[in-house]
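Numbering (the numbering used here), first residue to last: 2 to 257.
Shown next, in C-alpha cells, is the structure this report addresses.
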Amino acid sequence: MFDLLDILPLSLLIFACAVTLLGGFVKGAVGFAMPLIMISGMGILIEPQIVVAGVIIPIVVTNGMQVARAGLGSAWDSLKEHWRYVLVVCVMILVSAQFLRSIPANAMFIVLGVPVVGLCAIQLVGWHPRIPPKHRRVFEWGAGAVSGALGGLAGTWGPPTVLYLLALDTPRARQMAVQGVIYGLGSLMLFLGHLRSGVLNAQTWQLSALLVLPAIAGMWLGFKLGDRFDQERFRRATLWVLVLAGANLIRRGLVG
Numbered sequence: 002m003f004d005l006l007d008i009l010p011l012s013l014l015i016f017a018c019a020v021t022l023l024g025g026f027v028k029g030a031v032g033f034a035m036p037l038i039m040i041s042g043m044g045i046l047i048e049p050q051i052v053v054a055g056v057i058i059p060i061v062v063t064n065g066m067q068v069a070r071a072g073l074g075s076a077w078d079s080l081k082e083h084w085r086y087v088l089v090v091c092v093m094i095l096v097s098a099q100f101l102r103s104i105p106a107n108a109m110f111i112v113l114g115v116p117v118v119g120l121c122a123i124q125l126v127g128w129h130p131r132i133p134p135k136h137r138r139v140f141e142w143g144a145g146a147v148s149g150a151l152g153g154l155a156g157t158w159g160p161p162t163v164l165y166l167l168a169l170d171t172p173r174a175r176q177m178a179v180q181g182v183i184y185g186l187g188s189l190m191l192f193l194g195h196l197r198s199g200v201l202n203a204q205t206w207q208l209s210a211l212l213v214l215p216a217i218a219g220m221w222l223g224f225k226l227g228d229r230f231d232q233e234r235f236r237r238a239t240l241w242v243l244v245l246a247g248a249n250l251i252r253r254g255l256v257g
C-alpha cells in the first residue's frame, strides 16, 4: 500500500482538498463546473496526470448524487430520448482516455487549459448553436464524439453537453435530468477508462478517494447556501475565474 505522501507532499494535499471543496460548493450552488475548477485549480501546482486521476472518483460519486436527486424515472426518460449522444460520449471517453499517458506534460497543460478557456468563454458570451430537427441525428453523433474525447483527456464533458442541449432547445427542467444521466454514465466510463489507461492506479486512487470527502462537503454547503446570493452573477464570476486559471495552464504548457 502506497502512502498518500508518496504522491504529493502534505501542503499540496491540503491545496487539492481546498480546490475540491470549492468545486463541490460551486456544483452544489449552481449545478456545474466542479471538474473544471478541480482541473484548472489543481493544475496550477500539480502535475496534469495526477490532477486527472484525482478528479475521477469525486466525479463518479457527486454525479451519482445528482442522478439520485433528479429521480430515476426522469433519468430513464432522458436516456431513451438522448441515447445516441450518451452512447457516443461513453465510447469516446473510454477510447480517448487511453491516449492520456502518451501526451507530454507540457502538451497536457495545453490539453487541459484550452477546453477550460474555450468552453467558459462560449458560456460568457452566451452563444449556442441552433440545430434544425432534420439535422438532429448527425449533430448528436458529432457532438457526442467531441464531448467524449474531451472527457477522456481532460475529465470534463459538461460544458459541451450544455451546448448540445441548448442547441436542441431542451427545456431547462428537462436539461437537469438529461445532464444527470450523461454526467453519471460518463463518469463511470471515465473511471473504467483510466483504470485501463493506468492513470488511476495503486497510488493515485488513494488521492482520488480522499478528494471525495471535500467534494461532498462542498456540495452540501452549496445546496445549503446557494439560494442566498445572485446565482447568475455567481456563475459568471466563476466562469471568469476559470478563464484566468485555464489561461495559466496554457501558459505553463507553452513556456514549460
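Where a beta carbon is used, it is the ideal one built from N, C-alpha and C, also for glycine.
### From R138, A150, K28, residue whose alpha carbon lies closest to that of L191
A150
### Query
Looking at C-alpha atoms only, which residue of V256, A238, A248, L154 is the closest neighbour of V92?
L154
### Query
Taking Cβ positions, are V117 and L37 nearer each other than 8 Å?
yes
### G143 - containing alpha helix (DSSP H), residue span
137-155
### Local Cβ density within 10 Å of H136, reported as buried at 16 or more and exposed below that
exposed
### Task
Report the rounded CA-to-CA distance for S198 versus V242, giving the unit in angstroms.
31 Å
### Task
Quick one: using the 10 Å Cβ neighbour count with 16 as the cut-off for buried, is T21 buried or exposed?
buried
### Query
Does the Cβ of F26 have 16 or more other Cβ atoms within 10 Å, making it buried, or fewer, making it exposed?
buried
### Message
If the criterion is Cβ atoms closer than 8 Å, does the pair G227 and V31 meet it?
### Response
yes
### Query
So, are the CB atoms of A108 and T239 less than 8 Å apart?
no
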